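The next block holds one structure in the form of structure tokens; read it before the comments.
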Amino acid sequence: MSEATATAGALKRLADEGVSVWLDDLSRERIASGSLAGLVESGTVVGVTTNPSIFQAAIGSGAGYEEQLADLAVRGVTVDEAVRMTTTADVRAAADVLRPVYDATGGRDGWVSIEVDPRLAHDARATAAEARQLAWLVDRPNVMIKIPATEAGLPAITEVIGAGISVNVTLIFSLERYRQVMDAYLAGLERARAVGLDLAAIHSVASFFVSRVDSEIDKRLTVLGTDEALALRGRAALANARLAYEAYESVFGSADGSTGPGDRWSALAGDAGANEQRPLWASTGVKDPAYRDTLYVEELVAPGTVNTMPEATLRATADHGLVRGDTVTGGYARARADLAAVERLGIPYDEVVRQLENEGVAKFEDAWQELLDAVAKSLVDKGVDAE
211 MSEATATAGA LKRLADEGVS VWLDDLSRER IASGSLAGLV ESGTVVGVTT NPSIFQAAIG
271 SGAGYEEQLA DLAVRGVTVD EAVRMTTTAD VRAAADVLRP VYDATGGRDG WVSIEVDPRL
331 AHDARATAAE ARQLAWLVDR PNVMIKIPAT EAGLPAITEV IGAGISVNVT LIFSLERYRQ
391 VMDAYLAGLE RARAVGLDLA AIHSVASFFV SRVDSEIDKR LTVLGTDEAL ALRGRAALAN
451 ARLAYEAYES VFGSADGSTG PGDRWSALAG DAGANEQRPL WASTGVKDPA YRDTLYVEEL
511 VAPGTVNTMP EATLRATADH GLVRGDTVTG GYARARADLA AVERLGIPYD EVVRQLENEG
571 VAKFEDAWQE LLDAVAKSLV DKGVDAE
């Protein structure tokens, strides 16, 4: 299936339901080949997200990076600086490809995300400083800086939003942490308003991770092995995400007006013109082959959301996705019942989501280190003893 024909059916219906489709992938080869431009021009993709694992796969392969790495080697830059220069160059180029979408939607879509060095995830000051540096280096209005939703990440989110920089908050697994993320965003907007910044120019998404929740809870359910436990497989992640959307509605109000916005948000959204922080469904590639490969797309359709998909999920959705309207807002009672049933079986929700957050940070740190190692080898191969 070509990029130009990937708009058929389900992807168009997702857009009609108020779901923005972003691609969870980026590489220099994708940019240079016109693949990304084709997806954008066809209307299939209206945003891009990246993470350390994505860049490790792209730059680690070497394809398209040889000339820039050779120049960086001649200049004798450090490995950290070489990684920063290559990743921001890709994001800058992708932001230019997405700029027409950003302009046409008034900034609602057309974003490209780049994450701060994951080794800083537990250092609020360093995270905020890195976020400012990345925003300066990319120098595009449609770049979002990704900040992990660790405990240290929360004050960094507030500081960076308060400086007028748009943020993609990543690695959200728990409902409690998600509420803290929304609070950090509102605090940042209040800080930006206090110093006279234009709130309409500040955007944010909150990346709520999906499939990893099922991977961990399903593993524990399978170990239990009872009929009740096995019947709950594949339900916890959707329940968690649906309750996150309920929490979003409690702060920003529902699309149909059945739930009004909170007073704090109303004060920011009124004359100040602030933008709501949209929920973004991340980790939407299905890990268990027993499940439908479009599960976390079809079952998380709700207005005002973003679904960021790896290419395989994007293509599967275009090929055989079944979009049947809103599959989130009517399911809150069932979602609570599913998570309660998991808890009754002795699988503690708080322990699982805390473990997933720690593992998420560790996985990105490992991918970043692999990227540093690959770039260091490339610089040495090109005649520089990289530091």
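For the sequence shown, this note's numbering begins at 211 and goes up steadily by one.
C-beta atoms are modelled at their ideal positions from N, C-alpha and C, and glycine is treated no differently.
These figures come from a predicted structure and were not determined experimentally.
- Counted as a single uninterrupted DSSP element, the alpha helix (DSSP H) harbouring A397 occupies residues L385 to A404.
- A contact between stretches requires three or more CB pairs, one per stretch, nearer than 8 Å, and the region 418 to 425 meets this requirement with the region 445 to 454.
- Counting C-beta atoms within 10 angstroms of its own C-beta, H413 has 16 or more neighbours from the protein chains shown and is therefore classed as buried.
- A direct Cα-Cα distance of roughly 7 Å separates E456 from Y542.
- Restricting attention to R387, A366 and F383, the CA atom closest to the CA of V377 is found in A366.
- A distance below 9 Å separates the beta carbons of A331 and V571.
- Less than 9 Å separates the beta-carbon of L236 from that of F265.
- Nearest in C-alpha terms to G363, of all of A373, W346 and A338, is A338.
- When DSSP states are grouped into helix, strand and coil, I557 belongs to the coil group.
- Of all C-beta pairs linking the region 245 to 256 to the region 282 to 300, fewer than three are shorter than 8 Å, placing the two stretches out of contact.
- Ranked by Cα distance from S271, the first of E239, A280 and A283 is E239.
- Counting along the chain, the unbroken beta strand (DSSP E) around N378 starts and ends at V377 to I382.
- When C-beta atoms of the region 399 to 406 are compared with those of the region 429 to 441, fewer than three pairs fall below 8 Å, so the two segments do not count as touching.
- Pairwise C-beta distances place the region 454 to 470 in contact with the region 389 to 399, as three or more of them are shorter than 8 Å.
- With respect to the C-alpha of L478, the residue from F462, G467, W491 and A492 having the closest C-alpha is F462.
- Across the structure, L431 and L549 are spaced so that their CA atoms are roughly 12 Å apart.
- Within a 10 Å sphere around the beta-carbon of K356 sit 16 or more other beta-carbons, which makes this residue buried.
- With a 10 Å radius around the Cβ and a threshold of 16 neighbouring Cβ atoms, W578 comes out buried.
- Exposure of T436 is indicated by the presence of fewer than 16 other C-beta atoms within 10 angstroms of its C-beta.
- Shortest Cα-Cα distance from G316 to any of A220, G483, T527 and V511 involves G483.
- Within its own chain, the residues whose Cβ lies closer than 6 Å to the Cβ of G372, once the five positions on either side in sequence are excluded, are G398, R401 and A402, listed in chain order.
- DSSP places R452 in no beta strand (DSSP E) but in the uninterrupted alpha helix (DSSP H) bounded by A446 to F462.
- Taking C-alpha positions only, E325 is separated from V415 by approximately 13 Å.
- In the three-state reduction of the DSSP assignment, K429 falls in the helix class.
- Straight through space, the alpha carbons of N352 and K497 are spaced by roughly 31 Å.
- DSSP, reduced to helix, strand and coil, places I371 within a helical segment of the structure shown.
- G320 is a Cβ neighbour of V256, given a cutoff of 9 Å.
- With contacts defined by Cβ atoms closer than 9 Å, A359 and E567 form a contacting pair.
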